[in-house]
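What follows is a single structure, written as structure tokens, with notes after it.
Number of protein chains: 2
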Amino acid sequence: MIFTQPVLEGNRLSISRLLTQVENDTPDGRVALAEIFPHTGKAHLIGVTGAPGTGKSSLVNQLTLYYRKQNKKIAIIAVDPSSPFTGGAVLGDRVRMRDLSGDEGVFIRSMASRGSVGGLAQTTASFTQVFDAAGFDIIIIETVGAGQSEVDIARLAHTTIVVEAPGLGDDIQAIKAGILEIADVLVVNKADRPGVENTERALRSTLELAHPTKRVFRHHGQTTSIDAPEADANIWIPPINKTISTDGKGIPELADSIAKHIAHLRQSGDWALRDRARLGSELDAVLQEELVNRFFERVKKDEYDSVVDKVLSRKLSPYEAVKLLLNGNSEQER
Amino acid sequence: MIFTQPVLEGNRLSISRLLTQVENDTPDGRVALAEIFPHTGKAHLIGVTGAPGTGKSSLVNQLTLYYRKQNKKIAIIAVDPSSPFTGGAVLGDRVRMRDLSGDEGVFIRSMASRGSVGGLAQTTASFTQVFDAAGFDIIIIETVGAGQSEVDIARLAHTTIVVEAPGLGDDIQAIKAGILEIADVLVVNKADRPGVENTERALRSTLELAHPTKRVFRHHGQTTSIDAPEADANIWIPPINKTISTDGKGIPELADSIAKHIAHLRQSGDWALRDRARLGSELDAVLQEELVNRFFERVKKDEYDSVVDKVLSRKLSPYEAVKLLLNGNSEQER
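The listed protein sequences derive, respectively, from chains A and B.
The opening position of the first sequence corresponds to residue 852 in this note's numbering, with each subsequent residue numbered one higher.
The opening position of the second sequence corresponds to residue 852 in this note's numbering, with each subsequent residue numbered one higher.
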């Protein structure tokens, strides 16, 4: 039994314990999540993602220090989906601890992937609910990399920041295309390094493919561009911010871009849409899990195993096997 | 209606059409998959994964050319999970086409992630079944990157090859730990580049952490190592192969490592275990999907939407909502 009142009051030890229950998906954790759920929906969820080496972690640190000066309470969830087996520590944790430890207004929790990607996104969603209910104003979800799992986690956020850095090689380029499509704000970090113009240019041209703001004409070897028709207020074009996270340069401007994005979300109604998408997919994930659990509660182990054996000996295809399991089963129920 | 006989006979056009049906998850595709399933289980599935820039694609090309000299039929499934939205072409395709096109004994199919990761792994699994039934001896599943999705896809293979290359930066190191645990054979490609010794040493030390073969003692400042007790024949220690995929150097040795791994799988009984794991998880994925489909067939849309609304207004938590949906529903059924 977990008492949720101290969590709602922001008690750090209670929050920490609840997160552990949630991570281990205990029945107590589930009950507590249901109890705190009515108190959620206030926090601003910021996703920060980017390839290893872009300096995401120190960027998150700097952003946190900035928000702390405005007296906002910040929770950081650092997720490392690229490490599915080892459960190792998330990169940059040590730097982070040095800068932020001892500040009661900051709560940091690392999470390494153990189960499925779906599970990871679901646990992250539950974590945000705990922090949200506990009164944190901003919850930063930091993920490493640019694969599907990061995209799934980024979908949890109101504002997704994609971090790039110069000099990570051309191959990174290939990854960008996918991840760019989830970006609300783009950051070129390590902006004091050589090659920053190239990175910015590459981002800008990829962006323009996705959100054309100018029309370009080529005529007799000359290029003319005219502005596209006045942009619709409901369309958000991701700004590109340059930062140097080691000394905090560009952080106020980044915070400004984020604030503008929140304002846009509120005005356009996208905030509610994102909320619906997030909670809808969480509902579907729970539903799916519960349907599977209930199936395995009612099906006999012998029956299931004998069907698996038939698949292994290639007598039944997986689809036929499932049909047999589900139809055989519902007949038994009647 | 798809006629599966030409697929079983290896007709390229029929195979190609069936793959498209499978990719689009059509009812016809499902029926055909069930029909060909009894003819599967013969092919050797090789997974090849590694970060962008390691030269995976040309390595796969070289390996294919090598196997072609032994008159083996090869199918290549190139999966790019890092590009979830754009559906763009997989890297290295052009090089591949130049080297291998026109060879009737090679079939290449690219696949970009469109839906969920789970869906991608499932489609890949179905693709391997098509090629397996069509008489391909070796099916190479090539994935980009090192995230959870690549791991899921790698689990489909009998033999998983993880490709590294020198000079990809220290940050790659962090990714390695997870992906190494799925490697059956390790490759340091681009072995003519500077830094190859460092990459090999890093791999070897990570490997030794996972599979200690020597015990090291430190005594009075001196280090002594003795061999660990005779390795169990059932334990496979991933060999490290060095290759230069641009000129094919090291490819016969790599093929030899792969052949040894197959022999090990057969001897140790791991082949059957991997088969069971693969088909078991495929069965579970189909089961899950079908349970969800059947749920949405029997639940009323109004009822579902009104529950979603209650979640959005924070009156019900997702868990409570699912309970309500499932229990309310089963009561209606009785």
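Beta carbons: idealized from backbone N, C-alpha and C, even for Gly.
Taking only the alpha-carbon atoms, compute the straight-line gap between residue i and residue j and give it to the nearest angstrom.
i                  : j                  : result
Gly892 of chain B  : Asp1135 of chain B : 19 Å
Ile992 of chain A  : Ala885 of chain B  : 42 Å
Phe888 of chain A  : Ile1086 of chain A : 31 Å
Arg960 of chain A  : Phe978 of chain A  : 9 Å
Pro1170 of chain B : Pro878 of chain A  : Position check: residue 1170 of chain B holds Tyr in this sequence, whereas Pro was assumed. Using only the alpha carbons, I get a separation of about 11 Å.
Leu942 of chain A  : Ala929 of chain A  : The pLDDT assigned to Leu942 of chain A is 46, lower than 50, so where the model puts this residue is not dependable; a value taken from the coordinates is nonetheless given after this. Going from the Cα of Leu942 of chain A to the Cα of Ala929 of chain A covers about 9 Å.
Arg1165 of chain A : Ala984 of chain B  : 11 Å
Gln1024 of chain B : Gly1101 of chain B : Caution applies to Gln1024 of chain B, whose pLDDT of 48 falls short of 50 and renders its modelled position unreliable; the model cannot decide the point.
Trp1122 of chain A : Phe987 of chain B  : 51 Å
Leu1116 of chain B : Leu1124 of chain B : 9 Å
Thr855 of chain B  : Leu951 of chain B  : 26 Å
Gln872 of chain A  : Val957 of chain B  : 51 Å
Ala883 of chain B  : Phe1146 of chain B : 25 Å
Thr975 of chain A  : Asp1003 of chain B : 20 Å
Asn1178 of chain B : Val1150 of chain A : 18 Å
Gly1046 of chain A : Lys1111 of chain A : 28 Å
Leu869 of chain B  : Asp876 of chain B  : 10 Å
Leu1167 of chain A : Asp1160 of chain A : 9 Å
Arg1044 of chain A : Arg863 of chain A  : 39 Å
Gly1253 of chain A : Tyr918 of chain A  : In this structure chain A extends from 852 to 1185, so residue 1253 of chain A is not present and cannot be described.
Lys923 of chain A  : Asp954 of chain A  : 12 Å
Glu1133 of chain B : Ala1114 of chain A : 45 Å
His890 of chain B  : Glu874 of chain A  : 43 Å
Glu1104 of chain A : Val981 of chain A  : 29 Å
Ser934 of chain A  : Arg1127 of chain A : Because the pLDDT at Ser934 of chain A is just 46, under 50, the model does not fix this residue reliably, and the value given afterwards should be weighed accordingly. Taking the straight line from one Cα to the other gives about 30 Å.
Asp1098 of chain A : Thr1050 of chain B : 32 Å
Along the alpha helix (DSSP H) that carries residue i, what are the first and last residues, could you check?
i                  : result
Ile1088 of chain B : Looking at the DSSP string, Ile1088 of chain B is not in any alpha helix (DSSP H), and its letter there is neither H nor E.
Val796 of chain A  : Residue 796 of chain A is absent from the model: chain A starts at 852 and stops at 1185.
Glu874 of chain A  : Arg863 to Glu874
Ile897 of chain A  : No alpha helix (DSSP H) holds Ile897 of chain A; the beta strand (DSSP E) holding it covers His895 to Gly901.
Thr915 of chain B  : Lys907 to Lys920
Asp879 of chain B  : Pro878 to Ile887
Ile1109 of chain B : Ile1102 to Ser1119
Asp859 of chain B  : Before going on, a small fix: residue 859 of chain B reads as Leu here, not Asp. Where Leu859 of chain B is concerned, the enclosing alpha helix (DSSP H) stretches over Gln856 to Leu859.
Measure how close the beta-carbons of residue i and residue j come, nearest whole angstrom, since I'm counting them as under 8 Å.
i                  : j                  : result
Leu1176 of chain A : Val1143 of chain B : At roughly 15 Å, the Cβ-Cβ gap does not stay under 8 Å, so Leu1176 of chain A and Val1143 of chain B are not in contact.
Thr915 of chain B  : Thr994 of chain B  : Contact doesn't hold; Cβ gap of about 16 Å is too wide.
Asn1040 of chain A : Leu910 of chain A  : 6 Å
Pro1089 of chain A : Leu1058 of chain A : 6 Å
Ala894 of chain B  : Ile990 of chain B  : 5 Å
Ser865 of chain A  : Pro857 of chain A  : 4 Å
So with Cβ pairs under 7 Å, would you call residue i a contact of chain B?
i                  : result
Phe978 of chain A  : no
Arg881 of chain A  : yes
Leu850 of chain A  : Any property of residue 850 of chain A remains undetermined from this structure, which presents chain A solely from 852 to 1185.
Glu1133 of chain A : yes
Leu1150 of chain A : Note that residue 1150 of chain A corresponds to Val in the displayed sequence, not to Leu. Answer no: the Cβ-Cβ gap between Val1150 of chain A and chain B never drops below 7 Å.
Val1036 of chain A : no
Val1159 of chain A : yes
Of all the CB atoms in chain A, is at least one closer than 7 Å to the CB of residue i?
i                  : result
Tyr1170 of chain B : yes
Glu874 of chain B  : no
Leu1124 of chain B : no
Arg1129 of chain B : no
Val1047 of chain B : no
Phe854 of chain B  : no
Arg1165 of chain B : yes
Leu1138 of chain B : yes
Gly1018 of chain B : no
Leu1142 of chain B : yes
Phe936 of chain B  : With a pLDDT of 36 at Phe936 of chain B, under the threshold of 50, the modelled position of that residue is not reliable, and the figure given next carries that caveat. Yes, Phe936 of chain B counts as interfacial toward chain A.
Pro889 of chain B  : yes
Gly892 of chain B  : yes
Phe1146 of chain B : yes
Ala885 of chain B  : yes
Ala940 of chain B  : Note that Ala940 of chain B scores 42 on pLDDT, short of 50, meaning its location in the model is unreliable and no value can be drawn from it.
Val1162 of chain B : yes
Val1039 of chain B : no
Val1173 of chain B : yes
Quick check on the DSSP output: the beta strand (DSSP E) that includes residue i runs from which residue to which?
i                  : result
Leu1037 of chain B : Val1036 to Val1039
Ile1012 of chain A : Thr1010 to Glu1015
Answer yes or no: the CB of residue i versus the heavy atoms of the ligand SAM, is any distance below 6 Å?
i                  : result
Asp1107 of chain B : The ligand SAM is not part of the structure shown, which contains no ligands of any sort.
| For the stretch 1032-1042 of chain B against the stretch 1002-1010 of chain B, are there 3 or more C-beta pairs whose distance is under 8 Å? | These segments touch.
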